[in-house]
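Let me begin by presenting the structure, written as structure tokens, before commenting on it.
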């Protein structure tokens, strides 16, 4: 199972909005709604930000939103804040009854 | 509150075995599917395995199939990962994580702090 494709890095200024893409295939992202997004700060465990494409767990800011079109899922962060600077990973269920992650995207808040 | 605490990591020689544990508290363990995920130093996340809430279903990444075994003891609120025939490429921080309750594939709501496994001669 090949990893999902994410941009290596994205950046934005405080207050701006950014979008991170996550491209897979019809065997994973395009075929199921089990797409999640995780935030990871250095030396910390990942934190779930979005699950099932567009749902936010309790306690996650509504500045974070998720969507999907075809084989590509997206995470949008609006009103960028300094604490949003982190690595972001997408994941998806696959037809092989497994989970595949994206390679990760480093978000820099300028 | 919900807590997941991994243990059992350490330094092990290639070809040897190691068993990781994930002790949980703050929720009804027997109602949730559980995953193991690993992260090699400086690398991204890699999914390893999942076990359903009752232990009836388990699935593995191709990279560990036939070498790693996931299990759980619901009476002890503990998840395990038995790792055999370890390779240098298995070196990573290993995390356990819980699903959200509706499906084992909607998961990652809670994670442990991770335990480091180093495979080296």
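Residue numbers (my numbering), protein chains in the order written: chain A, 751 to 860; chain B, 11 to 131. Idealized CB from N, CA, C, for every residue including glycine.
Between the beta-carbon of residue i and the beta-carbon of residue j, is there less than 9 Å?
i, j, result
"residue 842 of chain A", "residue 785 of chain A", "yes"
"residue 65 of chain B", "residue 81 of chain B", "yes"
"residue 107 of chain B", "residue 14 of chain B", "yes"
"residue 120 of chain B", "residue 16 of chain B", "no"
"residue 764 of chain A", "residue 830 of chain A", "yes"
"residue 47 of chain B", "residue 96 of chain B", "no"
"residue 816 of chain A", "residue 756 of chain A", "no"
"residue 113 of chain B", "residue 21 of chain B", "no"
"residue 858 of chain A", "residue 760 of chain A", "yes"
"residue 775 of chain A", "residue 827 of chain A", "no"
"residue 799 of chain A", "residue 807 of chain A", "yes"
"residue 753 of chain A", "residue 54 of chain B", "yes"
With a threshold of 9 Å between beta carbons, is residue i in contact with chain A?
i, result
"residue 100 of chain B", "no"
"residue 104 of chain B", "no"
"residue 89 of chain B", "no"
"residue 81 of chain B", "no"
"residue 76 of chain B", "no"
"residue 110 of chain B", "yes"
"residue 113 of chain B", "yes"
"residue 13 of chain B", "no"
Tell me the DSSP bridge mates of residue i?
i, result
"residue 78 of chain B", "B:93"
"residue 790 of chain A", "A:837"
"residue 16 of chain B", "B:32"
"residue 797 of chain A", "A:789"
"residue 754 of chain A", "A:852"
Would you say residue i lies against chain B (beta-carbon separation less than 9 Å)?
i, result
"residue 757 of chain A", "no"
"residue 841 of chain A", "yes"
"residue 760 of chain A", "no"
Which residues of the segment 31–47 of chain B have a Cβ closer than 7 Å to any Cβ of chain A? Give them in chain order. none
Compile a chain-ordered list of the residues in the segment 49–64 of chain B whose CB is closer than 8 Å to at least one CB of chain C. Protein chains A and B are contained in the structure displayed, whereas chain C is not.
Residues of the segment 806–839 of chain A whose Cβ lies closer than 7 Å to any Cβ of chain B, in chain order: 807, 839
For the segment 779–804 of chain A, list every residue whose C-beta sits within 7 Å of some C-beta in chain B, in sequence order. Result list: 784, 786, 788, 795, 796, 798, 801, 802.
Using a beta-carbon distance cut-off of less than 9 Å, what residues from the segment 845–858 of chain A approach chain B? 846, 847, 848, 849, 850, 851, 852, 853, 854
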